[in-house]
Structures are given as C-alpha cells and as structure tokens.
Amino acid sequence: MRDYILTLCVTAAVTYLLTGPVRKFAIATGAMPEIRARDVHREPTPRLGGIAMFFGLCAGLLVADHLQNLNSVFELSNEPRALLSGAALIWIIGVLDDKFEIDALIKLGGQMIAAGVMVMQGLTILWIPVPGVGTVSLTQWQGTLLTVALVVITINAVNFVDGLDGLAAGMVCIAAAAFFLYAYRIWFSYGIEAAAPASLFTAILMGMCLGFLPHNMHPARVFMGDSGSMLIGLVLAAAAISVTGQVDPDALKIFEGGTREATHAALPVFIPLLLPLTIIAIPVADLVLAIVRRTWNGQSPFAADRGHLHHRLLEIGHSHSRAVLIMYFWSALIAFGVVAYSVHSASMWSVMLIVALSAVGLVLLLLPRFTPRAPRWAEAFVPPRYRRRKVRSELETLPSLSYERGERTEVLAGMEPVAAEAEPEERTPVPAGVNGATAIGPRSRFPDRRKAGTRG
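Heads up: the sequence shown begins at 6 in the numbering used here, then just goes up one per residue.
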C-alpha cells in the first residue's frame, strides 16, 4: 500500500506542477475555443490540460517500475506497456482535436485504433464469468470486439460528462478510488497477482485527477479538453479490462456450493464490468433524456441545447460548485455502494444505508426549491440567502428619480427639488462577442474586449 500511495503522490505532483506551464502554452498556441451557446463558462479558457495528465501518467509508471513491490507488475505482465501505447495514441488525437477540432468520425476511429493497439499487446478480455455455468472462454475476435466496445463506450462517457468545471476529473477520481479498493482486495485477500496491474492503473488515475483538479475547480483556469477526458477514460477502461479479462474467476473458487451461494459469491467478479457503468450511468441517463426532450420538441436528437443534467441543476438554483458536488455525491454513492454490496451482499445493512443516502441526495437536490428563513436571533450565523429581507423606505436608502419635461430631478427626503446635472451621454450597448458571450445571457454592458485577430 505504501508503494501505491507513493506512486499516486508522484503522479499528482507531476500533473499539478505541469498544468501551469501547459496553460501558458495553450494560450500561446491559441488553444482557446470560442464560447458556444451551451457553455457554462463566461470567458474563453485554454484547453490542453491533458498534456500535464499524460506526463503524470508517464511519471507514475516510471516510478512504479523502480519500486521493489511493484516492479513485478512490469516483469510478469505486458499490460503497463499496452496501456502506455494506447494512452499515447489517444492523447495525440486529443491534442490535435483541442487545437484543430478534428471530425468526430476521425476521433472515433482513433479510439478504436488505440483500443486495438492495447489488444495486440495483450490487454484484452479473455473470458467472462457466468453464474451457474462457470468461465466462458472467448475467441480472439469476440474478445477483441468486446474490449474495443468497452474502451470506446467508457471514453465517450467520460467525454460526455465533462460539462462543468471539475466534474469529469472528480467523478473519474471517485470511480477510480472505488475500483482501487476492489482490485486491491482481490490482489491482497485472494493472493491473485493478476489483479496488481489494475490496482496500479487506478492508483495512477487517481493521481492524475487529483493533480489536475486544483486548476480545474470553479472558476477553472484550464480545461482538460479531449486530450484529458479521452485519456482518463481509456485508463479507467484499461483497469476494468485488466481485472475482468485477466483474473481467472475459477481462482476465486466462486462457483462452488448451491446456486444461491454461487450467485452471491460471483458478485465480486462482475464488479469490474459494473464499475465503469458508475461513470456511464449518469451520462447515459442524460443522453436518453436529451434525445426524448429534443424529439418531443420537434428538434434533431443531435441538436445542442441547455437541457443537460448539470444545466438543470443550475436552473433549479444550485450554484456551480454545489451542482458539481451533487454529481460527486451520486457518483460516490453508486460506485462505493456497488463495492460495499459486493463485499457484504448477504447483509441488508448495506442496502438500507444506500437507500438512506439516496434519500439524503434527493433532499439536497431539491433544496433550492425550499428556502427556509432563519429566525432573527440566528441571522448572524447563517448565510445571507437564509436571512429575512429588511424592507426600508426608498427615501431612507436610495434617492428617488422623477422625470419632468425631459429633465431629471433628484428628490431627497426633507430637501427641495434640485436640478440634476447634464444627462450623461447614453451608451450604445456593445454586442456580446467572444469574451462577452455567456451561457446565462449576453453581457452587453461590458465594453468589447476582443483582442486583435479574434473572430467576432
């Protein structure tokens, strides 16, 4: 465990230290796309944060290769090299997309090629456990197709959820933490060395996300871009494939005893297939709702809008940070709930705890609908939004304005009307541009601050 923590810390440190220079590089190269109508951020923000995350991945693998307890992972398995090869390819595609915005079909083809490169080097699904039947071996083509499908789905799910500052990195970090606990338990408790690569991959993945999050929390100073979202999606998929396809279920001795006992015992084997779904669950639900909503409104299912789950959280009344924390809460509840149920599947306490936390999550979700007012004696101890509004006379607070014969007069309490100074020249609203556009509304009251050479 000490070596895993050291690897995590080195990965996080390298990612954190390189993100600042990468941000300056992105600004210098112009990797700052214009704000779209569906974007939440208000100012153009540089991308290419995936560059720092990739070098954090390389640093983590390099350190692990020189640690005594983790060196055996590189000697007995070719999976770390397969991961590095696939990650390098998907990272290059992401960097090109962040800069030049390549076509979606080209990105999809690159994702499939990166998955194929990992398959060629041995990182593939070899068998699938089936309760009551045992281990079902897959042919080479079946394993390849299933591996490529899992990699592509996971990459796009992570890319789809990257809609708010810090959302994708935090959700993947939560899923990686739950995955690490599962893989480490398989390796340490059952003594199965084949689970060690997955433990290493998830530890490095947590370090990549933790090192990038301080720069990406709201308000974000840099975005990970597709170079980062596709990269962490591929690492998460590689960890799932490593445990599912390389760990022999027969070694766990789960298919013994009656059908009921075998079914309960087989649950830990299916966790690698379920944990990636903890990342996919929320984006897939969002995707289905978007298709239904757009079709119901007579729009194309591929038309962009502001009806995604994180947009709805903002519309309900949640702040940007609180919307992200709510998404974190549900991701942690699903991921750690699945792991806890795999450990104590016969106990009802875990199910009752999950149900209770789900109820708490629903209350937090609807909290802006109910804004309680604190009593006056407690107003000094609560945020301003929970205090009672004090009604004051307009004459006591602000001067009242009246207009007579086109001239403005200022009337103050207890004073005679005094002619106001000359009316200042009325400003012509400046149309919102690259730096003025916002997802909430046009900020026309600000002057046009476009830099020379930017497109209007």
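A virtual CB, placed ideally from N, CA and C, is assigned to each residue, including glycine.
Report the option in the options whose CA atom is closest to the CA atom of residue i.
i, options, result
"Leu-367", "Leu-318, Ile-111 and Gly-168", "Leu-318"
"Tyr-187", "Pro-202, Phe-217 and Met-176", "Pro-202"
"Asp-167", "Gly-65, Ile-287 and Ile-111", "Ile-287"
"Arg-226", "Leu-169, Ile-359 and Arg-299", "Leu-169"
"Ala-208", "Pro-26, Pro-85 and Val-27", "Pro-85"
"Ile-246", "Tyr-189, Ala-154 and Ser-234", "Ala-154"
"Ser-234", "Pro-380, Tyr-346, Ile-111 and Phe-59", "Phe-59"
"Met-332", "Ile-95, Ser-232, Ala-174 and Ala-200", "Ala-174"
"Leu-239", "Leu-23, Ile-98 and Ser-77", "Ile-98"
"Gln-145", "Val-156, Leu-131, Val-157 and Ile-158", "Leu-131"
"Phe-105", "Leu-330, Thr-249, Gly-230 and Leu-362", "Gly-230"
"Arg-327", "Met-357, Leu-371, Val-344 and Val-343", "Leu-371"
"Leu-113", "Leu-88, Leu-89, Ile-56 and Val-156", "Val-156"
"Ala-361", "Val-343, Val-344 and Leu-338", "Leu-338"
"Ile-10", "Pro-49, Leu-215, Pro-26 and Ser-90", "Leu-215"
"Ser-141", "Thr-249, Ile-32 and Trp-335", "Ser is not the amino acid found at residue 141; the sequence shown has Val there. Comparing Cα-Cα distances from Val-141 to each of Thr-249, Ile-32 and Trp-335, the minimum goes to Thr-249."
"Leu-94", "Trp-382, Ile-118, His-323 and Ala-290", "Ile-118"
"Trp-335", "His-325, Met-357 and Val-365", "Val-365"
"Val-27", "Trp-192, Leu-13, Ser-232 and Ala-182", "Ser-232"
"Ile-237", "Thr-20, Asp-8 and Cys-14", "Thr-20"
"Leu-66", "Glu-48, Trp-301 and Leu-88", "Leu-88"
"Gly-55", "Leu-110, Val-297, His-220 and Leu-75", "His-220"
"Leu-75", "Ala-92, Val-356, Trp-192 and Trp-382", "Trp-192"
Going by DSSP, what residue range makes up the alpha helix (DSSP H) through residue i?
i, result
"Trp-96", "84-105"
"Gln-145", "145-166"
"Asn-302", "Unbroken run through Asn-302: none, as it is neither H nor E."
"Met-58", "55-70"
"Glu-80", "76-81"
"Gln-116", "109-125"
"Trp-354", "353-370"
"Val-27", "7-34"
"Leu-128", "Taken as a continuous stretch (DSSP letters only), Leu-128 belongs to no alpha helix (DSSP H), as it is neither H nor E."
Can you give me the C-alpha to C-alpha distance between residue i and residue j, rounded to a whole angstrom?
i, j, result
"Asp-70", "Glu-80", "9 Å"
"Phe-184", "Val-122", "24 Å"
"Glu-428", "Pro-51", "Confidence at Glu-428 is low in this model, with a pLDDT of 45, below 50, so the placement of that residue should be treated as unreliable; the coordinate-derived value is given next. Those two C-alpha atoms are separated by around 42 Å."
"His-223", "Gln-147", "43 Å"
"Gln-304", "Leu-294", "13 Å"
"Ser-82", "Phe-206", "13 Å"
"Met-6", "Thr-16", "15 Å"
"Leu-53", "Asp-102", "9 Å"
"Ala-36", "Phe-30", "9 Å"
"Met-353", "Ala-18", "41 Å"
"Arg-299", "Ser-77", "52 Å"
"Ile-158", "Gln-116", "10 Å"
"Leu-128", "Asn-164", "22 Å"
"Ile-179", "Leu-172", "11 Å"
"Leu-241", "Asn-161", "12 Å"
"Ala-244", "Leu-314", "27 Å"
"Gly-342", "Ile-133", "23 Å"
"Leu-62", "Met-176", "18 Å"
"Thr-24", "Phe-228", "10 Å"
"Val-344", "Ile-359", "12 Å"
"Ser-324", "Ala-182", "26 Å"
"Val-124", "Leu-143", "14 Å"
"Ala-199", "Ala-290", "33 Å"
"Phe-386", "Thr-12", "43 Å"
"Pro-49", "Tyr-346", "43 Å"
"Met-211", "Gln-73", "21 Å"
"Ser-90", "Asn-302", "44 Å"
"Ala-340", "Thr-34", "38 Å"
"Gly-322", "Pro-373", "5 Å"
"Cys-14", "Arg-381", "48 Å"
"Thr-414", "Val-297", "The predicted model places Thr-414 with a pLDDT of 39, which falls under 50 and marks its position as unreliable; any figure quoted below should be read in that light. Roughly 56 Å separates the two Cα atoms."
"Leu-218", "Thr-152", "29 Å"
Kindly identify the DSSP beta-bridge partner or partners of residue i.
i, result
"Ile-133", "Val-141"
Residue i CB to nearest chain D CB: under 8 Å?
i, result
"Gln-147", "Of the chains in the structure shown, none is chain D; there is only one protein chain."
Any chance the CB of residue i is under 7 Å from a heavy atom of the ligand ZN?
i, result
"Trp-96", "With respect to the ligand ZN, the structure offers nothing, as it holds no ligand at all."
Q: Could you tell me which uninterrupted alpha helix (DSSP H) segments, each at least 4 residues in length, are contained entirely in the segment 154-242, listed from first to last along the chain?
A: 172-195 and 201-221
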